[in-house]
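In the order they appear, the protein sequences are chains A and B. Sequence positions in the first sequence follow my numbering and run 1 to 437. Sequence positions in the second sequence follow my numbering and run 1001 to 1437. These notes are about the structure you will find just below.
There are 2 protein chains.
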Amino acid sequence: MERILIQQVKEKVGKEIKIAGWIHTIRDQGSIKFILIRDITGIIQAVVTKDNAEAAKIVGSLSLESVVEIIGLVKSEKQAPGGVEIAIKKIKILSLSSSELPMPVVEKASNETELQKRLDWRWIDLRKPEKVLIFKVWTAMEQAFRDYWTSNGYVEIHSPKFMSVPSESGAELFEVKYFDRKAYLAQSPQFYKQMAMAAGFEKVFEVGPVFRANPSFTSRHDTEFTGYDMEISFIESHQDVMSEEQNLLAYVLEKIKKDFGEDISEIYNRNLIIPKIPFPQITMREAKAILAKLKIPSEKDGDLTPEEERELSNYIKQKENHEFVFVTDYPIETRPFYHMRLENNQKLTKSFDLLWNGLEITTGAQREHRYDILISQAKEKGLKLKSIQFYLDFFKYGCPPHGGLGLGPTRMLMQIFNIGNVREVTYLYRGVKRLTP
Amino acid sequence: MERILIQQVKEKVGKEIKIAGWIHTIRDQGSIKFILIRDITGIIQAVVTKDNAEAAKIVGSLSLESVVEIIGLVKSEKQAPGGVEIAIKKIKILSLSSSELPMPVVEKASNETELQKRLDWRWIDLRKPEKVLIFKVWTAMEQAFRDYWTSNGYVEIHSPKFMSVPSESGAELFEVKYFDRKAYLAQSPQFYKQMAMAAGFEKVFEVGPVFRANPSFTSRHDTEFTGYDMEISFIESHQDVMSEEQNLLAYVLEKIKKDFGEDISEIYNRNLIIPKIPFPQITMREAKAILAKLKIPSEKDGDLTPEEERELSNYIKQKENHEFVFVTDYPIETRPFYHMRLENNQKLTKSFDLLWNGLEITTGAQREHRYDILISQAKEKGLKLKSIQFYLDFFKYGCPPHGGLGLGPTRMLMQIFNIGNVREVTYLYRGVKRLTP
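Take a look at the structure:
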């Protein structure tokens, strides 16, 4: 007999079926024993009486979280969760759990103070249906991103993570022993997605890990995380990149809402809204003026603190009824050397961040593709040209105007589920003090 | 005016259009000048006469591989490649290439002796339409894999690349300076896809980089490459994993043949065959017996050399008219401690490799999910239990029977295109001596 999934059981009333899964709860009343079985699709009640001595004995020996296979008859039962239960004919233990679980699977609220313990036993924590949901949504979200990209002519790249020099500033860089020399782990695929533009790929995307030796312990930071990156050629300005991003995000969120909107609303009490196009946008200068009026303390001229991001998003939400806002025209001091500058103001870059409900989820820009200007901007930032000559060479033999963005899927998920900590939406979090499990 | 792609030009005869791309060739006959323009979708001829003095002057100043934007009239022209050409009205240089290209883009055969030079200038090498095709096919191939996975209920994971201990044997391991201690780069997501089975995800896949400090210089090896990994629960044996893989590969190859079969056949002279199901399979013992009869020298008892793989594939191809063959039942000596053993022969594992036209593209197995047996197998292999205790713990609190496989997309592409060197199908190859560009 083929195993069926628990979500299919309710259609099989009156039939004999086989299921398999984890022992979620046990209620042993002696002559009658109830168990809840859990698989990836749901939870169902199974029952055995003393008439079936062999099965009753096995059920009596079970520990919570053991894995079993059950053959039984599906019956309507008003008192059972979901209205059906399985009368056990045969039960087989596939894996007996130790009777002392380090932490329970059945619990309503996840206590933040227990976070370290839950991360230590991550695979048990992930058994909770509300946790699995995060990764089902991630799967659907990533597929939606890729559907958009592949149906719009993008080429996928897998760029190398080993580099001979830093890909970004040189700060927060991981060093690798590489045979008889040193290598560095890529902090972003920035240089290599731009190389694809010089190679004539025109539109590319990459999904992969990025590594940042960030010593901070905030709820938004980790030492490695998944990055979504895209880059497109033959643009007029960064506005073309922003326009592509808003189409992409509206497509993705519509897809997620359609397939998981109800679950997300029910379990996380978050009503997903498909954003209207165009997204609001303001310049950094305008943003700072608004924040000054709101009396929000500013730490830095050309950048926003987490508090400023939240307040700015609140302001836009009230004023424009929109969860997203593009902040543009960052000054050159807060942007890397390769961001293109505005024609009418050489102190400002053709760059943007995208905030979603107060959290920065994207950084993007038009890149400087003109070799001579790029060199002078690199010099201005004090970079050693020799170390980045391989990158500068990309622009010497014909390279179209281009721009792109990087987006953090875990930050997307934090906003989709209204979860405040990146550790909760990462499969296995890595931080300064955490390399296990 | 919106730019159109070169493949769309032939439908626009009699109309004014805008295109953009790279200068592929220039033929300057003084009063009349012909250029070929190349974009991601194709190549087209454009022409300008001395009557359009301004445009003629710009065309006269062009170097090969410069990037231009052209507005012009589409005309039928028998002598032009593809039967149409563009009469240039306006031409604008978007990026002027240095007149001294380090290597030509227009060339028929890629000389193997020039490989290092081509890798040095990879983005110029990749401009050749036959090279771009490889990455268009990769994009479609990966999307097909993911379509299969997501439509069959798989959950995607992004497992960490930083580990506190080796994920495999401990040989060929990259060491990272990780704040005040050491970390290691994952040689495979093996442990973490098994963790997903313990977490109840049931079916998972992962696409991501794997790192191997392999000091060899063969045409099949690199220090980092993209891996496709999958793992499924509630299996009866490794045969369930093999069965899933053959369905998956038949689906993927059908998709590739449909969308790219003609291009691959035309440019690479390779006729893609959609494999019949079931794939042939033989045990390692049978394979060795066949190879002995064929007088192929054997270096090792329980494993195949590249020469043996080729000869075995040839044999199967002649006998069964099939490009694929599963080799099963590897002895415990040549498999890791976590491979499950055959019930009727404890010296053999429930494992397999998949060969495609003489190249190993997959290794897979049923895993040992029974805690006590796993420990005794680890001890037998001489492993220090303490260092892998975090992994052993996955099996202590209920873990279903499961198995999976790892597959190399670059090895797939080598066989799809009949290309002998992994460097050619990798976006940017990394080896012992190569960390740039």
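For each residue, glycine too, the CB sits at the ideal point set by N, CA and C.
Interface residue (Cβ-Cβ distance to chain B less than 8 Å): residue 39 of chain A is classified as such. Looking at the DSSP output, residue 72 of chain A shares a beta bridge with A:17 and A:88. DSSP, reduced to helix, strand and coil, places residue 251 of chain A within a helical segment of the structure shown. The criterion of a C-beta distance shorter than 8 Å is not satisfied by residue 1238 of chain B and residue 1099 of chain B. Under the criterion of beta carbons closer than 8 Å, residue 1432 of chain B and residue 1217 of chain B qualify as touching, at roughly 7 Å.
Around the beta carbon of residue 385 of chain A, a 10 Å sphere encloses fewer than 16 other beta carbons of the protein chains shown; the residue is thus reported as exposed. With a minimum length of 3 residues, the unbroken runs of beta strand (DSSP E) contained wholly in the stretch 1330-1354 of chain B fall at 1345-1349. Rounded to whole angstroms, residue 1222 of chain B and residue 151 of chain A show a C-alpha spacing of 31 Å. Apart from the 5 residues on each side of it in sequence, residue 182 of chain A sits with its Cβ closer than 6 Å to the Cβ of 175 in its chain, given in chain order. With a cutoff of 8 Å on beta-carbon distance, residue 1404 of chain B and residue 1229 of chain B are scored as near each other.
Using a CB distance below 8 Å, the part of the stretch 136-153 of chain A facing chain B consists of 136, 138, 139, 140, 142, 143, 146, 150 and 153, ordered along the chain. Secondary structure at residue 376 of chain A: helix, using DSSP grouped into helix, strand and coil. Around residue 1004 of chain B, no beta-carbon contact reaches into chain A at under 7 Å, the shortest distance being about 11 Å.
Residue 207 of chain A has A:228 as its beta-bridge partners, per DSSP.
The stretch 49-69 of chain A and the stretch 82-94 of chain A touch, with no fewer than 3 CB-CB distances between them shorter than 8 Å. The beta carbons of residue 1413 of chain B and residue 1134 of chain B sit closer together than 8 Å.
For residue 1392 of chain B, the enclosing alpha helix (DSSP H) covers residues 1389-1392. Using a Cβ-Cβ cut-off of 7 Å, residue 1208 of chain B is close to 208 and 209 of chain A, given in chain order. Non-local beta-carbon contacts of residue 1277 of chain B in its own chain, meaning distances under 8 Å to residues more than five positions away in sequence, involve 1246, 1247 and 1250 in chain order.
About 6 Å separates the beta carbon of residue 1308 of chain B from that of residue 1296 of chain B, a gap short enough to meet the 8 Å contact definition. The stretch 363-376 of chain A and the stretch 313-322 of chain A do not touch, with fewer than 3 CB-CB distances between them shorter than 8 Å.
Taken in chain order, the members of the stretch 1152-1166 of chain B whose beta-carbon sits within less than 8 Å of a beta-carbon on chain A are 1153, 1154, 1155, 1156, 1157, 1158, 1159, 1160, 1161, 1162, 1163 and 1164. When Cβ-Cβ separations below 8 Å define contact, residue 1220 of chain B makes no contact with chain A.
Nearest C-alpha to residue 1342 of chain B among B:1328, B:1354, B:1071 and B:1353: B:1328. Rounded to whole angstroms, the Cβ separation of residue 103 of chain A and residue 121 of chain A is 5 Å, and the two are in contact under 8 Å.
The criterion of a C-beta distance shorter than 8 Å is not satisfied by residue 1159 of chain B and residue 1131 of chain B.
Closer than 8 Å to the CB of residue 62 of chain A there is not a single CB belonging to chain B.
Counting C-beta pairs with one atom in each stretch, the stretch 1042-1062 of chain B and the stretch 1075-1082 of chain B have three or more that are closer than 8 Å, which means they touch. Residue pairing by DSSP places residue 356 of chain A opposite A:324 and A:359 in a beta bridge.
Residue contact with chain B for residue 89 of chain A: absent (no Cβ-Cβ distance below 8 Å to any residue of chain B). With the criterion set as a beta carbon lying under 7 Å from some beta carbon of chain B, the stretch 340-358 of chain A has no members that meet it. Using a Cβ distance threshold of 8 Å, residue 211 of chain A and residue 190 of chain A do not count as a contacting pair. For residue 1020 of chain B, the residues of chain A that pass the 8 Å Cβ criterion are 234 and 400, in the order they occur in the chain.
Under the three-state reduction of DSSP, residue 1186 of chain B is assigned to coil, being neither helix nor strand. Taking CB atoms only, residue 124 of chain A has a neighbour in chain B less than 8 Å away. Remark: C-beta atoms of residue 1037 of chain B and residue 1071 of chain B do not approach each other more closely than 8 Å.
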